[in-house]
Amino acid sequence: MNQERILQVLLAPHVSEKTTLIADANGQHVFKVLKDANKSEIKQAVESLFEVKVAQVRVMNVKGKTKRFSNREGKRSDWRKAYVTLEKGQDIDFAGAN
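Be aware that the sequence shown starts at 4, since it is given in our numbering, and climbs by one per residue.
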């Protein structure tokens, strides 16, 4: 896999109350990823960008919600998220303490 693809696979960390609890308890981090990204690409991207060892990757497709405003109906985009489990002793610091 080329370096350009690695930089494009991860879109953003998915930060919520649930993902924060999962990160503290299990050492898992959740990322929004490209719709066509596979597990091996996600693993390589996390390992190269954050310099950590990945134990496991689980991927999930999230369906976009249907929303209504007055008589108009719309739909949010579908997206894909990855639950990345890190090896024992590994951690990702998103705050970037300097």
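C-beta atoms are modelled at their ideal positions from N, C-alpha and C, and glycine is treated no differently.
Selected residue, minimal CA-CA separation from residue i, among the options
i, options, result
"Val57", "His17, Thr88, Phe97", "Thr88"
"Ala40", "Arg8, Asp81, Lys78, Ser80", "Arg8"
"Leu10", "Ala28, Gln93, Ser51", "Ser51"
"Lys38", "Ala98, Gly67, Glu76", "Gly67"
"Val33", "Lys42, Ser43, Asp27, Thr22", "Thr22"
"Gln6", "Gln47, Glu20, Ile25", "Gln47"
Residue i, DSSP secondary structure in three states
i, result
"Ala14", "Correcting the residue type first, residue 14 is Leu in the shown sequence and not Ala. DSSP places Leu14 in strand when its eight states are reduced to three."
"Arg8", "helix"
"Glu76", "strand"
"Lys70", "strand"
Separation of residue j from residue i, as counted between CA atoms
i, j, result
"Gln59", "Asn74", "45 Å"
"Lys78", "Asn64", "15 Å"
"Tyr86", "Gly30", "10 Å"
"Ile95", "Phe53", "7 Å"
"Lys91", "Ala15", "23 Å"
Paired residues, beta bridge with residue i - DSSP
i, result
"Phe53", "None; Phe53 has no bridge partner."
"Ala85", "Phe34, Val62"
Integer Cβ distance of residue i from residue j, believed to fall under 8 Å
i, j, result
"Lys84", "Lys35", "6 Å"
"Ile45", "Val18", "So it is not a contact: roughly 17 Å between Cβ atoms."
"Val55", "Gln93", "4 Å"
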